[in-house]
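Line by line, the protein sequences give chains A and B. For the first sequence, my numbering puts the final residue at 297, and the numbers step up evenly by one. For the second sequence, my numbering puts the final residue at 1297, and the numbers step up evenly by one.
2 protein chains.
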Amino acid sequence: MSQPRVGFIGLGIMGRPMCKNLIQAGFPLTVWNRSRPGIDTVTGYGAAAAAAPREVAERSDIIITMVTDSPDVRQVILGEQGVIHGVKRDAAVIDMSTISPAVTREIAAALKMKGVHMLDAPVSGGEKGAIDGTLSIMVGGEEPIFQRCLPAFQAMGKTIVYVGPTGSGQIVKLCNQVAGAVHLQAMCETLALAVRAGVDPHRMLEAVSAGAAGSWMLSNLAPRILKGDLNPGFMVKLQQKDLRLIMETADELHLPLPATALVSQLFRSVEADGGGDLGTQALITVMEKLANIRVAG
Amino acid sequence: MSQPRVGFIGLGIMGRPMCKNLIQAGFPLTVWNRSRPGIDTVTGYGAAAAAAPREVAERSDIIITMVTDSPDVRQVILGEQGVIHGVKRDAAVIDMSTISPAVTREIAAALKMKGVHMLDAPVSGGEKGAIDGTLSIMVGGEEPIFQRCLPAFQAMGKTIVYVGPTGSGQIVKLCNQVAGAVHLQAMCETLALAVRAGVDPHRMLEAVSAGAAGSWMLSNLAPRILKGDLNPGFMVKLQQKDLRLIMETADELHLPLPATALVSQLFRSVEADGGGDLGTQALITVMEKLANIRVAG
Chain A
1 MSQPRVGFIG LGIMGRPMCK NLIQAGFPLT VWNRSRPGID TVTGYGAAAA
51 AAPREVAERS DIIITMVTDS PDVRQVILGE QGVIHGVKRD AAVIDMSTIS
101 PAVTREIAAA LKMKGVHMLD APVSGGEKGA IDGTLSIMVG GEEPIFQRCL
151 PAFQAMGKTI VYVGPTGSGQ IVKLCNQVAG AVHLQAMCET LALAVRAGVD
201 PHRMLEAVSA GAAGSWMLSN LAPRILKGDL NPGFMVKLQQ KDLRLIMETA
251 DELHLPLPAT ALVSQLFRSV EADGGGDLGT QALITVMEKL ANIRVAG
Chain B
1001 MSQPRVGFIG LGIMGRPMCK NLIQAGFPLT VWNRSRPGID TVTGYGAAAA
1051 AAPREVAERS DIIITMVTDS PDVRQVILGE QGVIHGVKRD AAVIDMSTIS
1101 PAVTREIAAA LKMKGVHMLD APVSGGEKGA IDGTLSIMVG GEEPIFQRCL
1151 PAFQAMGKTI VYVGPTGSGQ IVKLCNQVAG AVHLQAMCET LALAVRAGVD
1201 PHRMLEAVSA GAAGSWMLSN LAPRILKGDL NPGFMVKLQQ KDLRLIMETA
1251 DELHLPLPAT ALVSQLFRSV EADGGGDLGT QALITVMEKL ANIRVAG
């Protein structure tokens, strides 16, 4: 049986290596991007270029979108030259962007009117996970469609979890971002206490990281802070985009999230200093300012 | 060379198994406790009982205290029948309780006037760690004294880290509690978002726990919450005691800890419901009340 033909829309820092992995796994690939450099890179891997999202859809059994935010997904799927105008009945559209669960359900409903399936399948693991093919992928939608698309997911990720009906993937990604954001602040307050009290933060991390107070952030980002490395990783401005999605969704759900709300406010201070392109560990600079201490580097 | 004689004061839920492990490692042990049952248990393991902390000190080269809070440590070491009145020159006093770093330095100074060394060596790992001899021990004081006492630490713990001068052990323990407390709230908000949005929290945890948003709390306490198990573990009232120490210390240091402060306020709601003896995962009940949802069980 031949591989399904895959279309890929959105050839940024994540999309490019994901395309490379799909091609290496043997999927025939047609791609589109808003700007030229992404297209040149991915056609260099062996993909064919299309003139518009609509044309990607005409040539594909599975169409993947990997763009920045809800309006971008709406545009490439439902817009004038969007996927919906070229997609074949019974095809699957997989949105791997992190966007609003409500917008996800709206787009899925529009596609369903045309007999087209949609999965929401946001990822975590960042550029490194995309390059290594080790992304975590949290998938919402109809389970048989998930099964049908699983080989494509396996080309791009490692932990691939079906989490429930349409929108569930986005909700789980937002849960992931809630935990991650609050863990970042936990890490920053922990480091600040050690430094302010005159204790070697390296020894503190050695004692704390392995036990019940441990987290991925403490083990992985705290040492980078102590080296003075605030490079992304995951950019502050994208973290803030996700925190906005979280707070909008929580608003719709009448769900108070007090610690998440606090952390999103503290991240604003990083942005106020022009730190939007730094890695999320730059949250430490807020504690540095608040406590008049130096932690990073 | 014969083992140093060890004294142990404070035979509660932690002290008893720690004594058992010291005896099994071959240390001759003299003990005292405020109440009888602890003494009966530990003399049953082979320890000798003394009539007062002073008498424990007279018979020991290393005197360990494991009691609840700063005033208890001050009482058993500096009080009328305290260790300081019986302790020999060049002996080592090890306080393994979690108490104020400032009180620790005050007691260490009083002992130093008598030519006695003090280590502050609080632990994490709870009753299970004490029983299994796998406690994490974070030790402050003079490094040669730490080296002298290391065999006794090794009888009780696994991760044993020398973290700096007197008081540093307590600071690192407070860092541990900062991270742990904020991670608990991260876990609770993550679970609340999944449940409020109608997503299976088990699948959410499966997708989130392994990645960059992972923590010990998410991996270990969240599944207990979903089973409806709010038993301690680590009791809310002891977490609050530690959070009070953290906020007092942060006050002395002029250190703002916004997320830690928030979590300590939210724990008050668990106490308001009479939940002080529950495990710290009972913090979920606050999110349940705030969001009108049911997560536990």
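Just so you know, even glycine gets a beta-carbon here, dropped at the ideal spot from N, CA and C.
{"Asked": "Starting from the C-beta of Pro-101 of chain A, find all residues in its chain whose C-beta is less than 7 Å away, skip the five residues before and the five after it, and write them out in chain order.", "Found": "Gly-167, Gln-170, Ile-171 and Thr-249"}
{"Asked": "Within 10 Å of its beta-carbon, does Asn-1176 of chain B have 16 or more other beta-carbons around it, so buried, or fewer, so exposed?", "Found": "buried"}
{"Asked": "Nearest-angstrom Cα distance between Ser-124 of chain A and Val-208 of chain A?", "Found": "25 Å"}
{"Asked": "Answer with buried or exposed for Glu-189 of chain A, where buried requires no fewer than 16 other C-beta atoms within 10 angstroms of its C-beta.", "Found": "buried"}
{"Asked": "Give the interface partners of Cys-175 of chain A over in chain B, defined as CB-CB distance under 7 Å, in chain order.", "Found": "Thr-1190, Leu-1193, Ala-1194, Met-1204 and Val-1208"}
{"Asked": "Classify Pro-1017 of chain B: buried if its beta carbon has 16 or more other beta carbons within 10 angstroms, exposed otherwise.", "Found": "buried"}
{"Asked": "Please report the distance separating the alpha-carbon of Ala-1152 of chain B from that of Val-1042 of chain B.", "Found": "17 Å"}
{"Asked": "Only counting runs of 3 or more residues, tell me where the beta strand (DSSP E) segments fall wholly within the stretch 56-80 of chain A, in order along the chain.", "Found": "62-65"}
{"Asked": "Going along the chain, which residues of the stretch 119-131 of chain A sit with their C-beta nearer than 7 Å to a C-beta in chain B?", "Found": "Ser-124 and Gly-125"}
{"Asked": "Going along chain A in order, which residues have a C-beta closer than 7 Å to the C-beta of Met-1138 of chain B?", "Found": "Ala-207"}
{"Asked": "Less than 8 Å between the CB atoms is what I'm expecting for Leu-184 of chain A and Thr-280 of chain A, so what's the real figure, rounded?", "Found": "6 Å"}
{"Asked": "Counting only runs of 4+ residues fully inside the stretch 159-207 of chain A, write out the alpha helix (DSSP H) ranges in chain order.", "Found": "168-196"}
{"Asked": "Between which two residues does the alpha helix (DSSP H) harbouring Ile-107 of chain A extend?", "Found": "101-112"}
{"Asked": "Going by DSSP, name the residue or residues bridged to Phe-1008 of chain B.", "Found": "B:Val-1031 and B:Ile-1064"}
{"Asked": "Roughly how far, in whole angstroms, is the beta-carbon of Leu-1245 of chain B from the beta-carbon of Thr-1030 of chain B, given that I think they are within contact range, below 8 Å?", "Found": "Not a contact, Cβ separation roughly 29 Å."}
{"Asked": "Check His-1085 of chain B in the structure and name its three-state DSSP category.", "Found": "helix"}
{"Asked": "How many whole angstroms separate the CB atoms of Lys-1112 of chain B and Arg-1089 of chain B, which I take to be in contact at a CB cut-off of 8 Å?", "Found": "About 11 Å separates the two Cβ atoms, so there is no contact after all."}
{"Asked": "Would you say Pro-1256 of chain B lies against chain A (beta-carbon separation less than 8 Å)?", "Found": "yes"}
{"Asked": "With a threshold of 8 Å, are at least 3 pairs of Cβ atoms found where one atom belongs to the stretch 254-272 of chain A and the other to the stretch 1262-1282 of chain B?", "Found": "yes"}
{"Asked": "Among A:Gln-3, A:Met-118 and A:Tyr-45, which residue has its Cα nearest to the Cα of Gly-26 of chain A?", "Found": "A:Gln-3"}
{"Asked": "Confirm, please, whether the CB-CB distance from Lys-1237 of chain B to Gly-1276 of chain B is below 8 Å.", "Found": "yes"}
{"Asked": "Using a C-beta to C-beta distance shorter than 8 Å, which residues of chain A count as neighbours of His-1183 of chain B?", "Found": "Val-182, His-183, Ala-186, Ala-213 and Ser-215"}
{"Asked": "Under 8 Å between C-beta atoms, does Gly-1276 of chain B make it to chain A?", "Found": "no"}
{"Asked": "When the distance is taken between beta carbons, is Ala-1181 of chain B closer than 8 Å to Met-1014 of chain B?", "Found": "no"}
{"Asked": "Would you verify that the beta carbon of Gly-141 of chain A is, or is not, closer than 8 Å to some beta carbon of chain B?", "Found": "no"}
{"Asked": "Chain B partners of Val-172 of chain A, CB-CB under 8 Å?", "Found": "Ala-1194, Val-1199, Arg-1203, Met-1204, Ala-1207 and Val-1208"}
{"Asked": "Checking contacts by CB at 8 Å: is Val-178 of chain A closer than that to chain B?", "Found": "yes"}
{"Asked": "Since Gly-1044 of chain B and Gly-1012 of chain B are thought to touch, with beta carbons under 8 Å apart, how far apart are those beta carbons, to the nearest angstrom?", "Found": "Gly-1044 of chain B to Gly-1012 of chain B, Cβ: 16 Å. No contact."}
{"Asked": "Using a cut-off of 8 Å between C-beta atoms, extract the partners of Leu-1218 of chain B located in chain A.", "Found": "Ala-179"}
{"Asked": "Between Gly-1133 of chain B and Gly-1157 of chain B, which are expected to be in contact by the criterion C-beta below 8 Å, what is the C-beta distance as a whole number of angstroms?", "Found": "7 Å"}
{"Asked": "Along chain B, which residues have their Cβ under 7 Å away from the Cβ of Ser-161 of chain A?", "Found": "A quick correction: the sequence has Val, not Ser, at residue 161 of chain A. Arg-1203, Glu-1206 and Ala-1207, listed in chain order."}
{"Asked": "Is the Cβ of Gly-1164 of chain B closer than 8 Å to any Cβ of chain A?", "Found": "yes"}
{"Asked": "What are the complete beta strand (DSSP E) segments, minimum 3 residues, inside the stretch 110-137 of chain A?", "Found": "117-120"}
{"Asked": "Does at least one heavy atom of the ligand SAM sit under 7 Å from the Cβ of Gln-240 of chain A?", "Found": "With respect to the ligand SAM, the structure shown offers nothing to examine, as it has no ligands at all."}
{"Asked": "To the nearest angstrom, report how far apart Met-1187 of chain B and Leu-243 of chain A are at their CA atoms.", "Found": "16 Å"}
{"Asked": "Gly-1157 of chain B bridges to which residues according to DSSP?", "Found": "B:Leu-1135"}
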